[in-house]
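S.K.: For reference, the structure I am asking about is given below.
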DNA sequence: GTCTATAGAGTGATAGAC
DNA sequence: GTCTATCACTCTATAGAC
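Residue numbers (the working numbering), protein chains in the order written: chain A, 1 to 216; chain B, 1 to 216.
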């Protein structure tokens, strides 16, 4: 919209500073949780003065968003890995990459939830990030639904975009429950939810029926 | 476990103070969001000194949990209202009570998410509350699934408890998406997700099929 | 463009008075 | 059991120096 708001060029020093701060912040979040993160400690770990850091990141929230963006890379890797399983034609859909979630993803899930809670406010730094993140993942999910519909393992009557959003919701919601009760079998719950939302049970039944009819 | 930790008796004054503080806190949350809540303002509205309030609620988080508990009454009313619709035998499951959500529930949803993000820590005041809340709602959901299975509008092969947890996840997850993008049709999305998770499409197909068979 | 000094507001822990 | 006084700490807005 406004060409002056889009930075024409980022100086090397700024980029360096920014990534150092983001890295330090993510380290702290993974160690002690986002709540224990103080601007003072981030600055100390990033070897920068606290007030200097505040030039690059006006508020603590901006720092948290930067940390979240960093953590997101792994998160995205998990999701895409899952899609490759689907593309392989595995209808039972066990997402093996998700089994690795139990490591230190609690911290990032917490951070994700905390930021989501603030994202209503369009002024909040997390708003733009989360909206973009959401749309991107939903786009990928939508493609997956279409592929499955083409393969006959998802109900073709369903609206791919709507299903994608429901999958995204199930994914966030189940992570949330797992946060409150880590004994929840997240992988199994996600698989079952995804299959149900894609209309897989119905398609499977229809397929079995046609096979049965062909037999007799 | 330890009988000394469970208060034998709560004095009337304490209860009065507590509810006044909770009410004041919820008012502020609904007006400006949980982020803008300061202990000073809560104390002022509750007509109590800030430090006196800190005796009853050791931290700001304790106050937020009390506010959440208050808000929960409405939330629960919505959910039970929905169940009555189901019990009425309406298989299409439009939860009319949920259509009223768009009012000031954004604020409580935000608060709910923010507290959920902290709930991993068993020491956090939100932990016990959220765990109990979750279990209670899931219990109700489970009953609903069983009822629907008995009526033949839910797949009897599904584990009611697991389905209930998936419904709960869908419910939280969709609220979260709606928070980021309020243009989402929450009611429709919830209906469709719930139906899919209960295996309704499959049951409906089977029923239509038997009707068709009986015809010919 | 990058950074510093300073100052004000919010939180919460402690010791001790009614 | 209820409440107060006080203090240390964290966050961030502002003005201005390199």
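Cβ coordinates follow ideal geometry from the N, Cα and C atoms, glycine included. Quick caveat: nothing in here was measured; it's all calculated off a predicted structure.
Which chain A residues sit within Cβ distance under 7 Å of residue 119(B)?
M.R.: In the second chain, residue 119(B) corresponds to position 119, counting from 1. What residue 119(B) touches in chain A: 179, 180.
S.K.: For residue 154(B), which of helix, strand or coil comes out of DSSP?
M.R.: In the second chain, the residue the question calls residue 154(B) occupies position 154. Here residue 154(B) sits in coil by DSSP.
S.K.: Compile a chain-ordered list of the residues in the region 190-211 of chain B whose CB is closer than 8 Å to at least one CB of chain A.
M.R.: Correct list: 192, 193, 196, 197, 199, 201, 202, 205, 206.
S.K.: Would you give the residue range spanned by the alpha helix (DSSP H) that residue 184(B) belongs to?
M.R.: Against the second chain, residue 184(B) aligns to sequence position 184. Here residue 184(B) belongs to no alpha helix (DSSP H), and DSSP marks it neither H nor E.
S.K.: To be precise: take each residue of the region 136-169 of chain B, compare its Cβ to all Cβ atoms of chain A, and keep it if any distance is under 8 Å. Which residues remain?
M.R.: Listed by position, the residues of the region 136-169 of chain B near chain A (Cβ gap below 8 Å) are 155, 162, 165, 166, 168, 169.
S.K.: Applying a beta-carbon distance threshold of less than 8 Å, which residues of chain A neighbour residue 215(B)?
M.R.: Start at 1 with the first residue of the second chain, and residue 215(B) comes out as number 215. Within 8 Å Cβ-Cβ: nothing; residue 215(B) doesn't reach chain A, min ~17 Å.
S.K.: Residue 124(B) to residue 157(A), Cα distance in whole Å?
M.R.: In the second chain, counting from the first residue as 1, residue 124(B) sits at position 124. In the first chain, counting from the first residue as 1, residue 157(A) sits at position 157. Straight-line Cα distance between these residues: approximately 45 Å.
S.K.: At the level of alpha carbons, what is the spacing between residue 58(B) and residue 19(B)?
M.R.: On the second chain, residue 58(B) is found 58 positions in, with the first residue counted as 1. On the second chain, residue 19(B) is found 19 positions in, with the first residue counted as 1. So the alpha carbons of these two residues sit roughly 15 Å apart.
S.K.: To the nearest angstrom, how far is the alpha carbon of residue 47(B) from that of residue 41(B)?
M.R.: Locating residue 47(B) in the second chain gives position 47, where the first residue counts as 1. Locating residue 41(B) in the second chain gives position 41, where the first residue counts as 1. Taking the straight line from one Cα to the other gives about 10 Å.
S.K.: What's the gap between the Cα of residue 14(B) and the Cα of residue 51(A)?
M.R.: Counted from its first residue, the second chain places residue 14(B) at position 14. Counted from its first residue, the first chain places residue 51(A) at position 51. Cα-Cα distance, rounded: 43 Å.
S.K.: Please go through the same chain and pick out, in chain order, the residues whose beta-carbon is closer than 8 Å to the beta-carbon of residue 152(A), but skip the five residues on each side of it.
M.R.: Counting from 1 along the first chain, the entry for residue 152(A) is found at position 152. Closer than 8 Å at the Cβ level, and outside the excluded window around residue 152(A), lie 203, 207.
S.K.: Let me know the secondary structure DSSP gives residue 125(A) once reduced to three states.
M.R.: Counted from its first residue, the first chain places residue 125(A) at position 125. Three-state DSSP puts residue 125(A) in a helix.
S.K.: Within 9 Å (strictly less), CB to CB, does residue 68(A) reach chain B?
M.R.: Working through the first chain from its first residue, we reach residue 68(A) at position 68. No, residue 68(A) does not count as interfacial toward chain B.
S.K.: Measure from the alpha carbon of residue 64(B) to the alpha carbon of each residue in 214(B), 107(B), 166(B), then state which is nearest.
M.R.: Working through the second chain from its first residue, we reach residue 64(B) at position 64. Answer by Cα proximity: 107(B).
S.K.: Using a Cβ-Cβ cut-off of 9 Å, state whether residue 56(B) counts as contacting chain A.
M.R.: Position 56 of the second chain holds residue 56(B). Residue 56(B) does not count as touching chain A.
S.K.: Where do the ends of the alpha helix (DSSP H) carrying residue 29(B) lie?
M.R.: Sequence index remark: in the second chain, residue 29(B) carries index 29 (1-based). First-last of the alpha helix (DSSP H) with residue 29(B): 12-32.
S.K.: Check whether the Cβ of residue 35(A) lies closer than 9 Å to any Cβ atom in chain B.
M.R.: By 1-based counting over the first chain, the position of residue 35(A) is 35. Yes - at least one Cβ of chain B is within 9 Å of the one on residue 35(A).
S.K.: Starting from the C-beta of residue 116(A), find all residues in its chain whose C-beta is less than 7 Å away, skip the five residues before and the five after it, and write them out in chain order.
M.R.: Here residue 116(A) refers to the residue found at position 116 when the first chain is read from its first residue. Closer than 7 Å at Cβ, skipping near neighbours: 130.
S.K.: Taking only three categories from DSSP, how would you classify residue 120(A)?
M.R.: Walking along the first chain from the start, residue 120(A) turns up at place 120. Residue 120(A) falls in the coil class under three-state DSSP.
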